[in-house]
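Only one structure is covered here, and it is reproduced in the block below.
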Amino acid sequence: MKIKEVMSTPVVVVPPITPVRDVARHMDYSGVGCVVVSEGRGIAGIVTDRDLAIRVLAQDKDGDTPVSQVMSDQPVVVRAEDELEVAFDTFRRHSFRRLPVATEGGVVGMLTIDDLLLQMHQLTADLLTPVVKEISEPQHQSD
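Okay, so the sequence shown: first residue is 620 according to this note's numbering, each after it adds one.
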């Protein structure tokens, strides 16, 4: 299965000059925990709700601080056409909970640990449905 089949879309993208106050508002409005920072088609960085708490609030920075000053630059990215195993390996090697998903045209989605867990639960349910159906049907005994 490909990453593009499991990733969340659309992804919220802001330019590096965006004030962190506006980034937080984008997160709130869109119901997301991270935002991709981009100029053009490339990914300059990523900022999470945790980054805002630790790098802005805890450091007494102003809400007008540009997101480029608090983002994690050079984020690890997976490709939309990669198999899910690539994402599992990437999550195992790093302590991330979210990965930007890109194509040649730029960022196209976000893959989260939650996306993978939901996919695993759905696969498990799909596998168990016929078994449960067979078990729950009455067994007929021949005379």
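For glycine and all other residues, C-beta sits at the position ideal for the given N, C-alpha and C.
**OP:** Would you identify the three-state DSSP class for I636, choosing helix, strand or coil?
**Re:** Collapsing the DSSP output to three states places I636 in coil.
**OP:** Give a yes or no on whether the C-beta atoms belonging to V666 and V642 are separated by under 8 Å.
**Re:** yes
Original post:
In the DSSP assignment, what residue or residues form a beta bridge with P719?
Top reply: M729
Subject >> First through last residue of the beta strand (DSSP E) which encompasses E704 >> reply: Careful: E704 lies outside any beta strand (DSSP E), inside the alpha helix (DSSP H) at 703-712.
Subject >> Exposure label - R717; buried when at least 16 CB within 10 Å >> reply: buried
Subject >> With 16 other Cβ atoms within 10 Å as the buried cut-off, status of G728 >> reply: buried
Original post:
Quick check: the stretch 737-746 against the stretch 634-641, are there 3 or more CB pairs under 8 Å?
Top reply: no
**OP:** Consult DSSP for R698 and reduce its assignment to one of helix, strand or coil.
**Re:** strand
Subject >> Start-to-end residues for the beta strand (DSSP E) that takes in S657 >> reply: 653-658
Original post:
On the three-state DSSP scale, how would you describe D692?
Top reply: In the structure shown, D692 sits in a strand (DSSP, three-state: E or B).
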